[in-house]
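To start, the structure itself, in structure tokens.
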Amino acid sequence: MSDEIFPIDLKAQTLSIQPEIDTAIARVFASGQFILGAEVEAFEHEFAEYCGVAHAIGMDSGTSAIELSLLACGIGAGDEVITVSNTAVATVAAIELTGAKPVLVDIDSQTLTLDPSKLEAALTSHTRAVVPVHLYGCPADMNPILDFARAHQLFVIEDCAQAHGAQYHGKPVGGLGHLSAFSFYPTKNLGAYGDGGAVLTNDLALAEQVRLLRQYGWDANRVSQQKGMNARLDEMQAAILRVKLRRLETWNDRRRELAALYQSLLADVLTLPVEPPETRHVFHQFVVRHPRRDTLRNYLLEHGIHAQIHYPVPIHLQPAYRGLALHSLPVTESAADQILSLPLYPELRNEDVKRVCQMVLSFDS
Ligand SMILES: Cc1ncc(COP(=O)(O)O)c(C=O)c1O
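The numbering used here numbers the first residue of the sequence shown as 6 and each following residue consecutively.
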């Protein structure tokens, strides 16, 4: 079928910026420098400035960004880190990589992000950090999370993998906690042509620690002063990200425009995503809820519309991670049965959104 609508079209995005990408890649080849050079340094400055945060450290992935943020705080075996079960597996996998134990709490029924009222019951003498996830591009409710963390001397590490450019109470996400982790996986609002990530922080000592851990704990003489790893962002991806960063605001505005179109055409038909007061949602995903989600999804597919599920199985119910939730997580579990991500990406046309909506409306009639 030629008029299929897919969840994302990265070729269309590349076509729209091809000459600039070609120039950026040629510049890297001409430089002969492929690891930790001028492009990574420039991107780190530009991305930190965009997010209004003092320091950015380029990483090889968002998963490493979470892992190294936790390690920089001294978190590891014997510690507990509170996060959600409604997230990409990466959030929980990164916590486990440090040796710490993830403790999964339930989500708010409106935003589907961490419910701050659930933190108290998850607190133990081993709790060291909270990792709120700004899922789907929607900022988690940070003020009560930060208050709780302050009261119990916990670190807060924002998982910003899906929220480049989102805002909470007038501030960009990424500078609200002690550290934040971004992913530049190709499908993200800001995506590389491969893997990539970044850690952001306003704390110089934490930034230096993350930088050390990123490259074997090396000092200037390549002598390991600490045990570290290879978690470097490469020059090619940094050069590409610099081009795309210049478009991010325009792309996020377009995402918001398309989301508003969906909202206007589907009002009262489905449970629609909410934008909490004083936040800027950047709609990495446009996640609706429907009681007959699977039937609706199949119906859309029969009409050439590909909708995805983020995420079909909550992490605490996946075989590899059973037992990480202290209790059942009713809001997470019921959302997992109903959520459906309708196609949304900046290059999607208004008529495509209208077609998706027509199909959704015809499903219920
Ligand atoms: C919420 C969330 N956290 C963490 C990650 C991990 O990022 P990466 O795939 O770059 O390791 C992702 C991306 O998959 C994500 O969506």
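Quick reminder that beta carbons are idealized off the backbone N, C-alpha and C, glycines included. On a predicted model such as this, the values are computed, not experimentally measured, just so you know.
Practice problem: Determine the DSSP secondary structure at Glu240, reduced to helix, strand or coil. | Solution: Numbered from its first residue, the sequence shown carries residue 240 at position 235. Reduced to three states, the DSSP call for Glu240 is helix.
Quiz prompt | Bridge partner(s) assigned by DSSP for Val108 | solution = Stepping through the sequence shown from its first residue, residue 108 is reached at position 103. DSSP lists Ile87 as partners of Val108.
Quiz item: At a cut-off of 6 angstroms, is Asp239 close to ligand 1 when judged by its beta-carbon and the heavy atoms of the ligand?
Solution: Numbered from its first residue, the sequence shown carries residue 239 at position 234. No; taking the cut-off as 6 angstroms, the Cβ of Asp239 has no heavy atom of ligand 1 nearer than that.
Practice problem: Measuring alpha carbon to alpha carbon, tell me which of Thr284, Asp258, His169 and Pro296 ends up nearest His274. | Solution: Here residue 274 refers to the residue found at position 269 of the sequence shown. It should be pointed out that residue 274 corresponds to Val in this sequence rather than to His. Answer by Cα proximity: Pro296.
Exercise. Using the DSSP secondary-structure output, state which residues sit across from Met64 in a beta bridge.
Key: Numbered from its first residue, the sequence shown carries residue 64 at position 59. Per DSSP, Gly202 and Arg237.
Exercise. Measure the CB-CB distance between Gly142 and Ala171 and report whether it falls below 7 angstroms.
Key: Locating residue 142 in the sequence shown gives position 137, counting from the first residue. Locating residue 171 in the sequence shown gives position 166, counting from the first residue. Yes, the pair counts as a contact, with Cβ atoms nearer than the cut-off.
Quiz item: Measuring from the CB of Val138, is there a heavy atom of ligand 1 at a distance below 6 angstroms?
Solution: The sequence position of residue 138 within the sequence shown is 133, counting from 1. Yes - ligand 1 has a heavy atom lying nearer than 6 angstroms to the Cβ of Val138.
Quiz item: What residues in its chain sit with their C-beta under 8 angstroms from that of Leu15, if we drop five residues either side in the sequence?
Solution: Numbered from its first residue, the sequence shown carries residue 15 at position 10. The residues are Pro191, Thr192 and Gly196.
Exercise. Find out if the Cβ-Cβ distance for the pair Gly104, Ala82 is shorter than 7 angstroms.
Key: Looking up residue 104 in the sequence shown gives position 99. Looking up residue 82 in the sequence shown gives position 77. Yes, the pair counts as a contact, with Cβ atoms nearer than the cut-off.
Quiz item: Is any heavy atom of ligand 1 found at a distance shorter than 6 angstroms from the C-beta of Ala35?
Solution: Taking the sequence shown and counting its residues from 1, one reaches residue 35 at position 30. Checking the Cβ of Ala35 against ligand 1 gives no.
Exercise. Please classify Tyr173: does DSSP put it in a helix, a strand, or coil?
Key: As a first step, residue 173 is located in the sequence shown; it is residue number 168 there, counting from the start. Of the three classes helix, strand and coil, the one that applies to Tyr173 here is strand, per DSSP.
Quiz prompt | For Met6, three-class secondary structure by DSSP | solution = Within the sequence shown, the letter at position 1 stands for residue 6. The pLDDT assigned to Met6 is 46, lower than 50, so where the model puts this residue is not dependable; a value taken from the coordinates is nonetheless given after this. Met6 falls in the coil class under three-state DSSP.
Practice problem: Taking 7 angstroms as the cut-off, decide whether the C-beta atoms of Ile87 and Val110 are in contact. | Solution: Residue mapping note: residue 87 aligns to position 82 of the sequence shown, counting from 1. Residue mapping note: residue 110 aligns to position 105 of the sequence shown, counting from 1. Against a cut-off of 7 angstroms, the Cβ pair of Val110 and Ile87 comes out as a contact.
Self-check item: Three-way DSSP call (helix, strand, coil) for Thr92 in this model
Solution: By one-based count along the sequence shown, residue 92 stands at place 87. Reduced to three states, the DSSP call for Thr92 is coil.
Quiz item: How big is the Cα-Cα spacing for Phe189 and Val292?
Solution: Taking the first residue of the sequence shown as position 1, residue 189 is located at position 184. Taking the first residue of the sequence shown as position 1, residue 292 is located at position 287. Distance between the alpha carbons of Phe189 and Val292: 21 angstroms.
Quiz item: Looking only at its own chain, which residues have a Cβ that is under 6 angstroms from the Cβ of Lys232, when we skip the five neighbours before and after it?
Solution: The residue you call residue 232 lines up with position 227 of the sequence shown. The answer, listed in chain order, is Gly222.
Quiz item: Whose C-beta lies closer than 7 angstroms to the C-beta of Arg252 among residues of the same chain, with five residues either side of it excluded?
Solution: Taking the first residue of the sequence shown as position 1, residue 252 is located at position 247. If we look at Arg252 and ignore the five residues flanking it on each side, its Cβ neighbours are Ile22.
Practice problem: Mark Thr118 as exposed unless 16 or more other C-beta atoms lie within 10 angstroms of its C-beta, in which case mark it buried. | Solution: Translated into positions along the sequence shown, residue 118 becomes position 113. Per the 10 Å Cβ criterion, buried.
Quiz item: For Pro335, which option in Asp120, Val215, Glu356 and Ser69 has the closest C-alpha, if you only look at C-alpha atoms?
Solution: Working through the sequence shown from its first residue, we reach residue 335 at position 330. Of Asp120, Val215, Glu356 and Ser69, the residue nearest in Cα terms is Asp120.
Self-check item: First and last residue of the uninterrupted alpha helix (DSSP H) at Ala134
Solution: Translated into positions along the sequence shown, residue 134 becomes position 129. Note, Ala134: premise wrong, no alpha helix (DSSP H); beta strand (DSSP E) at Thr132 to Val135.
Quiz prompt | CA-to-CA distance, Val108 to Pro351, given in whole angstroms | solution = Residue numbering aside, residue 351 sits at position 346 when the sequence shown is read from its first letter. Residue numbering aside, residue 108 sits at position 103 when the sequence shown is read from its first letter. Distance between the alpha carbons of Pro351 and Val108 is about 35 angstroms.
Practice problem: Could you check which residue in Pro348, Leu353, His315 and Leu128 has the C-alpha nearest to that of Val94? | Solution: Taking the sequence shown and counting its residues from 1, the one referred to as residue 94 is at position 89. Comparing Cα positions, the closest option is His315.
Quiz item: What are the start and end residues of the alpha helix (DSSP H) that includes Val45?
Solution: By 1-based counting over the sequence shown, the position of residue 45 is 40. Element bounds for Val45: Ala43 to Cys56.
Quiz item: In this structure, does DSSP put Ala272 in helix, strand or coil?
Solution: Residue mapping note: residue 272 aligns to position 267 of the sequence shown, counting from 1. Correct three-state label for Ala272: coil.
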